[in-house]
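Okay, so here's the structure we're looking at.
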Amino acid sequence: MLTSGFKYTPVSRLLLIFVVLSAIVASITDTKYYFYIQVVPHIWVWHQFWRVLTWQLCYTNSTEVLFAALTFYNLRIVERLWGSRKFASFLLVILPYTIFLPPLLLALVLRPLSFGNINYLPAGPTPILFAILAQYHAAIPSTYRYSIGIMRSPSRSSAATSSSTVSQSAAAQFTAMRNSTVALTSKTIYYVFAIQLALSQFPSSILPAVVGWTVGYAYRNEVLPGTSWRVPSWVVGQKNKKPTVETLRRRLEGEDRGQAADSDHNGVVGTGLAQISEIINRRT
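At position 257 of the sequence shown (counting the first as 1) the number is 257 in UniProt numbering, and the numbers step up by one without a gap.
What follows is the structure, given as structure tokens:
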């Protein structure tokens, strides 16, 4: 789980490369203004509905690229846990929701409720990132915990006080420090990167983060349709394992027949091999 690099995580590696390269290309070609959405004038005045399909293609500033790249790299552990096939299927299933829900909520709900003050949707795949983060939060346990406390330095006047007063002051200060302790885990730094991304263009950047988190949990709780669907194995570079399993099954059946001819315990052997064959069938 803690292996460094992108071993066994080709989809996460592709996501990270896409985030960085798309931002570089948009910067070089000076096309960043094509990706973010302003309901007025882009949608209601100029009718540029194609922006609904392109707003997740790239981030438009270097800070967002940095924190998104760090977060995608740290979340690659979800792909190791699930496998590349399920992870790719998850991304494809949630893609329509992460594309269409934020612009629709902005145009039809948030902008009218805010009297036009919230009119902007920042570019970038933030909903996808937070959907993965929801899986990380639910499925990956923390490896260690630690606490941070704040202790005030003693004042200069304490040097002139009696020893009993100093002891009482130190005890009171230690108690106050324990009360002001903040408990953290090994996962905290990953949440910090994601929160920084969600607050990068506050308040507009909150919407895609909340939508992504909600969609991620909806997928996990099997609320969304298609949660059991999987992409073909060749999509993620995996070979079909059925021929290998069929070969193993035939080998077990052949050994079963050979042992049945020479052993009085052929019934026990056959039962064991039948159970193994049933397990293989379930895996396929």
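Even for Gly, the Cβ is constructed at its ideal location relative to N, Cα and C.
Scanning the stretch 71–132 from its first residue to its last, the whole alpha helix (DSSP H) runs of 4-plus residues come out as 76–82 and 84–105. In the DSSP annotation of this structure, the continuous segment of the alpha helix (DSSP H) that includes threonine 214 starts and ends at 206–220. With a 10 Å radius around the Cβ and a threshold of 16 neighbouring Cβ atoms, tyrosine 144 comes out exposed. Between the C-alpha atoms of threonine 60 and isoleucine 17 there is a straight-line separation of about 16 Å.
When Cβ pairs closer than 8 Å are counted between the two stretches, the stretch 88–100 is seen to touch the stretch 225–233, the count reaching three or more. In the displayed model, glutamine 196 falls within a helix according to three-state DSSP. Per DSSP, isoleucine 24 is one residue of the alpha helix (DSSP H) stretching across 10–28.
DSSP, read as helix, strand or coil, puts glutamine 238 in coil.
Close CB contacts of leucine 75 within its chain, under the 6 Å cut and outside five residues either way in sequence, are with Ile132 and Tyr136 (chain order). Between glutamine 38 and asparagine 119, the C-beta gap is smaller than 7 Å, which places the two residues in contact.
Here leucine 66 carries a helix assignment [DSSP, helix/strand/coil]. Of the other Cβ atoms in all chains shown, 16 or more fall within 10 Å of the Cβ of glycine 124; this residue is therefore buried.
Residue burial is scored here from C-beta neighbours: glycine 216 has at least 16 other C-beta atoms within 10 angstroms and is therefore classed as buried. Close CB contacts of alanine 107 within its chain, under the 7 Å cut and outside five residues either way in sequence, are with Val39 and Ile43 (chain order). The alpha carbon of lysine 239 has as its nearest neighbour, out of Ile195, Ser84 and Ser22, the alpha carbon of Ser84. For threonine 185, the pairing in a beta bridge is given by DSSP as Arg145.
In the DSSP assignment, arginine 51 falls within the unbroken alpha helix (DSSP H) covering 51–54. Take leucine 105, set aside five residues on each side of it, and the residues of its chain with a beta-carbon closer than 8 Å to its own are Leu207 and Val211, in chain order. Residue Tyr146 holds the alpha-carbon nearest to the alpha-carbon of threonine 185 among Phe202, Tyr146 and Trp213.
The alpha-carbon separation between glutamate 222 and serine 180 amounts to approximately 39 Å. Straight-line spacing of the CA atoms in isoleucine 28 and valine 19 works out to 15 Å.
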